[in-house]
Amino acid sequence: MINFKRASSLILLLVSIGFSVAKAELSIQITQGIDNPIPIAVVPFTWEGSGVLFEDVAEIVKNDLEQVGEFRALSPSNMLAMPREEREVYYRDWNVLAQDYLLVGRIQRSPGSQLIQVQYEFFDINRELKLAGEVLTGTESQLRDIGHEISNVVYELVTGTRGAFTTEILYVVSEYVNPELSYFRLEKSDYDGQRAQVLLESREPIMSPSWSPNGLEIAYVSFETDLPRIYIQNIATGQRRQITNYPNINSSPVWSPDGTKLAMVLSKDGSPDIYVQDLINNQLMRVTDHPAIDTEPAWSKDGKSLVFMSDRTGQPQIYQMELGANSYDVERLTYDCFHCAKGQFLPDGVNLVHVRRETRQSTQYHIAIMNTETLRVITLTSTSFDESPSVAPNGSMIMYGTKFEGRGVLDAVSIDGRVKFRLPSSIGDVREPAWSPFLN
Amino acid sequence: MMQNKNIIKASLLGLMLLSLAACKSSSDAEGELANSSDMEGSQGASSAAQASGAGSSGRLSQEQIQAENALRQTVFYFDFDIAEFRTADRETLIYHARDLSANPSKHLRLEGHADERGTREYNLALGERRANSILNFLIVNGASRSQIEVVSYGEERPAMRGQSENAYNRNRRVELVAR
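Residue numbers (my numbering), protein chains in the order written: chain A, 758 to 1197; chain B, 18 to 196.
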């Protein structure tokens, strides 16, 4: 029996500081799927306790798997049987329905406690083989975490890639009232937009949220003093501190992979340049030194260099520079676009995700990936105002901000461009998603 | 010095006229009250007018009117992808610079903005570049650096929402805000 430890501590902290739940929950909309998804049967889990559970665990798993596009779940109305556990499973029932995989489960109250235990089992129909089975225990409010954890197990067993269903996202919401008044909120939610919580509210803009590598802290830019300044906030306690107060722009905070430094943009010496602040001894190191605009730093995986955008040739292009190198020792990475910006490497360290406008005439901004070895470019999106790409920690999907019917929304696209989904949003302009690292 | 005095008096006159207009539009129930303040208002206005008559030869010079109008323009628009203010705004900005120079206690905040095209961080930098183009011009023309604060909002505070060319044109701007 596995105790749902990570989730337990998380929920305790949430309760202790009383987060507000931000809005009614809507579900993800799949906007583009693949042609031949893997058929999987997710049998509704039976609840064997009294009362009504407020989460449908099987439905959570089914949504997770369908959202990433590689799976298609069989409708329960087409099922020939509804097994709860292994001894009730007859492989031929699923073979005739051309299913490759089967997930079954049952939910009970944990004897003598308020906890709930979810038992699930996962089968390969073609090989007539049980691939996984365990019991996850938690409070009723952790059922969603348990569902996402089951999705992680299923996803990894089928695709060989670690699932990112228990990850979270940060994003900014703004509600425009008039030119003088807007409300800005920094929110955090599950990767699928559910269980949104407000981390910061302000009448002044909030920008550039970013996760610490251990997932415990966030950095962002807030204009609450009337000027853009960088803050670090502990997610669990809500405790925050202002960490910069340099003249002019203080923006784009990004944690180094080891969590000891923060790359940022400062224009204290004239034009915006890239700097690195050591979070332990507070030393500030200047990285770029150019009269043009240098901004949007992103760390290489080894933490030894930074990718950034500069308009030193007249239009934004993406460059890379070793930390501590001479300011003229800069490598230009993009050449074939009118405007290439917001570059960052995928976990493979070779493919560069970025925002791309092809030509001066084409006024569309798309999310694209460029292989920095072959220089091959794949454009992943087809909407017009795509920006702020953020990569899932398993490298499988990219979330980004775009416009739908004039409103800011968050979309996600698979790394091969085949699958797209849109996060639910009911109010305001949603933007600048930041996908968390693995949190467990 | 004389010029400045006159400008202050002229705006006093403007205020009086405004209060007059406001009184006239009050409802009947407040008629009596409105009447009495009406009286005061007109007296005040006439004395202000007289005072200004005594200061110069009874009217504002063309130059003074131009300066007044120039100082009233506090939003400056920019062309797409351009960080320099429009040449048409040059003269107006010279009046702002002279005003700052003549009034060392005055402080301005230059708020730079961009339209939403392009990435947010780049737009934050573009907004600053635009505000700096006005900052530098004001300093060259007599304002002191310490009188002016620059802040960029990038695309975060649009004057007009939407993806129209009109909205973009109105959002690429620098606003001069008195502090």
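Note that beta-carbon positions come from the ideal geometry of N, C-alpha and C, so glycine has one too. None of these values were measured; they are calculated from a predicted model.
- When the five nearest sequence neighbours on each side are left out, the beta carbons in the same chain lying within less than 6 angstroms of the beta carbon of residue 187 (chain B) are those of 176 and 177, in order along the chain.
- Under the DSSP assignment, residue 113 (chain B) falls in the alpha helix (DSSP H) whose first and last residues are 107 to 119.
- The shortest CA-to-CA distance from residue 815 (chain A) to any of A:908, A:794 and A:787 is the one to A:908.
- Interface annotation for the region 136 to 158 of chain B against chain A: 136, 137, 138, 139, 141, 142, 143, 145 and 146, criterion Cβ-Cβ distance under 8 angstroms.
- Taken through DSSP and simplified to helix, strand or coil, residue 819 (chain A) comes out as helix.
- Residue environment for residue 149 (chain B): buried (at least 16 other C-beta atoms within 10 angstroms of its C-beta).
- Across the region 164 to 186 of chain B, CB contacts with chain A closer than 9 angstroms involve 166, 167, 168, 169, 170, 171, 173, 174, 175, 176, 177, 178, 179 and 180, in sequence order along the chain.
- Just so you know, the alpha carbons of residue 837 (chain A) and residue 1157 (chain A) end up roughly 40 angstroms apart.
- In this structure, the beta-carbon distance from residue 940 (chain A) to residue 1188 (chain A) does not fall below 8 angstroms.
- Taking C-beta separations shorter than 8 angstroms and ignoring five residues to either side along the sequence, the partners of residue 966 (chain A) in its chain run 927, 928, 929, 943, 975, 976, 977, 1189 and 1191, following chain order.
- Between the beta-carbon of residue 136 (chain B) and that of residue 1098 (chain A) there is about 4 angstroms, and that keeps the pair under the 8 angstroms contact cut.
- Taking C-beta atoms under 8 angstroms as the contact rule, residue 1112 (chain A) and residue 1146 (chain A) qualify, at a distance of about 7 angstroms.
- Neighbours of residue 1047 (chain A) in chain B, taken as residues whose beta carbon is under 7 angstroms from its own, are absent, since the nearest beta carbon is some 12 angstroms off.
- Where residue 953 (chain A) is concerned, there is no enclosing alpha helix (DSSP H), because DSSP gives it neither an H nor an E.
- With a threshold of 16 other beta carbon atoms within 10 Å, residue 1042 (chain A) falls short and is exposed.
- Within 10 angstroms of the beta-carbon of residue 1127 (chain A) lie 16 or more other beta-carbons, which makes it buried.
- Closest in alpha carbon position to residue 825 (chain A), among A:808, A:1196 and A:1178, is A:1178.
- Per DSSP, the continuous beta strand (DSSP E) segment holding residue 1008 (chain A) begins and ends at 1007 to 1012.
- Proximity to residue 827 (chain A) across A:1035, A:1160 and A:1175 peaks at A:1175, based on C-alpha coordinates.
- For a Cβ distance threshold of 8 angstroms, residue set 168 of chain B lies close to residue 983 (chain A), ordered along the chain.
- The criterion of a C-beta distance shorter than 8 angstroms is not satisfied by residue 880 (chain A) and residue 905 (chain A).
- Comparing alpha-carbon positions, the option among A:1001, A:1120 and A:797 lying closest to residue 883 (chain A) turns out to be A:797.
- Leaving aside the five residues that flank residue 133 (chain B) on each side, the residues in its chain whose CB is nearer than 8 angstroms to its CB run, in chain order, 140, 172, 175, 180, 185 and 188.
- Collapsing the DSSP output to three states places residue 1116 (chain A) in coil.
- Interface criterion not met: the Cβ of residue 1002 (chain A) is under 8 angstroms from no Cβ in chain B.
- Beta-bridge analysis with DSSP links residue 859 (chain A) to A:798 and A:880.
- By the Cβ criterion, the region 794 to 811 of chain A is in contact with the region 852 to 866 of chain A, since at least three pairs of Cβ atoms, one from each stretch, lie closer than 8 angstroms.
- Taking residue 1122 (chain A) as the centre and dropping the five residues before and after it, the same chain places the C-beta of 1096, 1112, 1113, 1114, 1141, 1142, 1143 and 1144 closer than 8 angstroms to its C-beta, in chain order.
- Apart from the 5 residues on each side of it in sequence, residue 1061 (chain A) sits with its Cβ closer than 8 angstroms to the Cβ of 1079 and 1080 in its chain, given in chain order.
- In chain order, 180 make up the part of chain B whose C-beta sits under 8 angstroms from the C-beta of residue 1160 (chain A).
- Membership of residue 1144 (chain A) in the beta strand (DSSP E) is indicated by the continuous run 1144 to 1148.
- Residues of the region 1005 to 1023 of chain A with a Cβ closer than 8 angstroms to any Cβ of chain B, in chain order: 1005, 1006, 1008, 1009 and 1022.
- Secondary-structure assignment with DSSP links residue 786 (chain A) through a beta bridge to A:1179.
- Under a criterion of Cβ atoms nearer than 8 angstroms, no residue of chain B is adjacent to residue 1025 (chain A); the nearest Cβ is some 11 angstroms distant.
- Taking the CA atoms as reference points, residue 158 (chain B) sits about 37 angstroms from residue 1083 (chain A).
- If you draw a straight line from the Cα of residue 1171 (chain A) to the Cα of residue 1161 (chain A), it is about 19 angstroms long.
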